[in-house]
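Asker:
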Amino acid sequence: MIKERVCREYLEEIDRLERSIRELEEEITELRMQLRLKVDEANSLAIENRSLRHKLELMERREERLVEFLRKVNLPLVLVDEENFEDVDVDLGPDLNDQQKP
């Protein structure tokens, strides 16, 4: 009787542990899938980042060549540092001094 009771308790514990193992295996599978998706996303972002860096480099080179060309042809240039540029209101209306002169 005691032997049966102990065996039954052991069997119940084994059953509980097997269920826990199955749940953990399912969770591991889910986490692996999530990890795979995150790795794919990171790879995609890295590729996009590299592509954008390449485009930026091409644009910077093109800008440098254009500025150099315009300097060679002695065309007046106004280069604006866009990072330090402040918006300024410009009055494009007629000047009062110009209107008063006959």
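Residue numbers (the working numbering): 3 to 104.
Idealized CB from N, CA, C, for every residue including glycine.
1) Once you ignore the five residues that flank residue 12 on each side, which residues in its own chain have a CB closer than 7 Å to its CB?
2) Any idea what DSSP makes of residue 61, helix, strand or coil?
3) Can you grab the Cα-Cα spacing for the pair residue 29 / residue 45, in whole Å?
Answerer: Looking at the coordinates:
1) Walking along the sequence shown from the start, residue 12 turns up at place 10. Excluding positions up to five away in sequence, the list is empty.
2) Taking the sequence shown and counting its residues from 1, the one referred to as residue 61 is at position 59. Here residue 61 sits in helix by DSSP.
3) Taking the sequence shown and counting its residues from 1, the one referred to as residue 29 is at position 27. Taking the sequence shown and counting its residues from 1, the one referred to as residue 45 is at position 43. Taking the straight line joining both Cα atoms gives about 24 Å.
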